[in-house]
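Notes follow the structure.
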Amino acid sequence: MLTTFQDYFTKRGFLVDTASDGVEGLEKLRVDEFDVAIVDFKMPKMNGIDMISQALATDTDANIRRKR
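Numbering (the numbering used here) for the sequence shown: 54 to 121.
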């Protein structure tokens with residue numbers, strides 16, 4: 054699924070960065086600035102809900118919305 058999203062958005066001209074698990078994703082959010090993050094709820098090491106909760110706890114300017 055990760056490579057499917059990466060290929061889809063890259064082919065449409067978006068700059069894409071990926072993380073293989075929640076811990077890596079959280080670290081990337083702390084180091085870089087992103088316009089959009091697509092987060093899976095079921096990830097190794099840290100699930101998406103915990104990752105988002107920790108990101109919000111450390112970045113008070115984060116604007117995170119859930120899209121159904």
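Yeah, the Cβ is synthetic: ideal placement off N, Cα and C, and Gly gets one too. Predicted model, so just to flag it, every value in this text is computed and none were measured.
Can you tell me where the alpha helix (DSSP H) with ASP103 in it begins and where it stops? 101 to 111
Classify ILE102 as buried or exposed, calling it buried when 16 or more other Cβ atoms lie within 10 Å of its own Cβ. exposed
Count the other C-beta atoms from every protein chain shown that fall within 10 angstroms of the C-beta of GLY75, then say buried if there are 16 or more, exposed otherwise. buried
Euclidean distance between Cα positions of ASP93 and GLY66: 22 Å
Quick check: ASP70 and LYS81, are their CB atoms within less than 9 Å of each other? yes
Does the distance from the C-beta atom of MET54 to that of GLY78 stay below 9 Å? no
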